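Below is one structure; the comments refer to it alone.
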Amino acid sequence: MNHLFRSPRPPAAEAERLREVFTEAAYDVTPSAVPLAAIERDGRRRGRRRRTAVLGAACGALLVPLAVVVVLRDGTASGPGEHVRPPAASAGSTSPSPSASAPAGKVRVVTPGERVRVAPGTKIWLTEDGKHWLEPGAPGAQFRSVTDGNLDMSSSGVSLQQSGDGKSYFLSGIFHGKGEPARVEVKTAAGDRDGTALTLAGKPGWGVWYLVMKVPDSVTSADSVLGITRRVTVYDSAGGVIASEEFGQ
Numbered sequence: 063m064n065h066l067f068r069s070p071r072p073p074a075a076e077a078e079r080l081r082e083v084f085t086e087a088a089y090d091v092t093p094s095a096v097p098l099a100a101i102e103r104d105g106r107r108r109g110r111r112r113r114t115a116v117l118g119a120a121c122g123a124l125l126v127p128l129a130v131v132v133v134l135r136d137g138t139a140s141g142p143g144e145h146v147r148p149p150a151a152s153a154g155s156t157s158p159s160p161s162a163s164a165p166a167g168k169v170r171v172v173t174p175g176e177r178v179r180v181a182p183g184t185k186i187w188l189t190e191d192g193k194h195w196l197e198p199g200a201p202g203a204q205f206r207s208v209t210d211g212n213l214d215m216s217s218s219g220v221s222l223q224q225s226g227d228g229k230s231y232f233l234s235g236i237f238h239g240k241g242e243p244a245r246v247e248v249k250t251a252a253g254d255r256d257g258t259a260l261t262l263a264g265k266p267g268w269g270v271w272y273l274v275m276k277v278p279d280s281v282t283s284a285d286s287v288l289g290i291t292r293r294v295t296v297y298d299s300a301g302g303v304i305a306s307e308e309f310g311q
């Protein structure tokens, strides 16, 4: 026959004695001191870390626009009120448009039949057989040949055609000789001027020069239209003379 096991329960007096013993033992335990200094040091360390993180973020925010400014300056950004200009096209990047005027004092290579505007209503163009030009009031285009024998192409030389109204003069002609032209000098009754040269591609051995100039009244009163041009000289890039011709004093 099974009997139920029951734990003995201490008498009330013994239980009270146990409570007193536990209470005295608890009072005898001395808690350790709170590490205030360590906690304070740890707090300062954490604060420094937070400040460093905040300062780092702020510096990063400040450096972003600074980096943008530096990049813009390195990229030649324009200043206030200025516009960024596109890079100028090189001389060989685009072909000149027909009837475009060539800058005075320059040398320009043209294609056969390409018309160059030198003044309002005045145009010049070259073909393989010579010089063509058109002036206001003229009945049609005029022509000077380099193949009909009128010019001695075996030696250097310069021809001259000129017209004017007493105020403005159009001087032009054919030059021929060895070398590639780089500069045209025109001595006139009004002083020295820089002319413009037109040539065909390759080395044809000839080209066209021209100059449009205004002449003071003091010069035209003493010189006729035929006396305006004194000498024309065509130079190469080294300063050597390709062709030169004197036309009067």
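Counting in this note's numbering, the sequence shown runs from 63 upward without gaps. Positions of the beta carbon are idealized from the N, C-alpha and C atoms, including for glycine. Computed from a predicted model, the values in this text were never measured in an experiment.
Secondary structure of LEU222 (DSSP, three-state): coil.
For the pair ARG103 and LEU80, the Cα-to-Cα distance works out to about 44 Å. In summary, GLY269 is buried, with 16 or more beta-carbon neighbours lying within 10 Å of its beta-carbon over all protein chains present. In the three-state scheme derived from DSSP, where H, G and I count as helix and E and B as strand, GLU82 is classed as helix.
DSSP places ASP254 inside the beta strand (DSSP E), whose first and last residues are 253-262. Taking 8 Å as the cut-off, the beta carbon of HIS238 is found closer than this to the beta carbon of MET215.
The stretch 215-228 makes no contact with the stretch 249-266; the number of CB pairs closer than 8 Å stays below 3. For ALA300 and LEU196, the gap between their C-alpha atoms comes out near 33 Å.
DSSP places LYS229 in no beta strand (DSSP E); its state is neither H nor E. For ILE186, the enclosing beta strand (DSSP E) starts and ends at 184-189.
For LEU213, there is no enclosing beta strand (DSSP E), since its DSSP letter is neither H nor E. Checking the DSSP bridge columns, you'll see ILE236 partnered with VAL270. Going by beta carbons, ALA259 and VAL180 fall outside the 8 Å limit.
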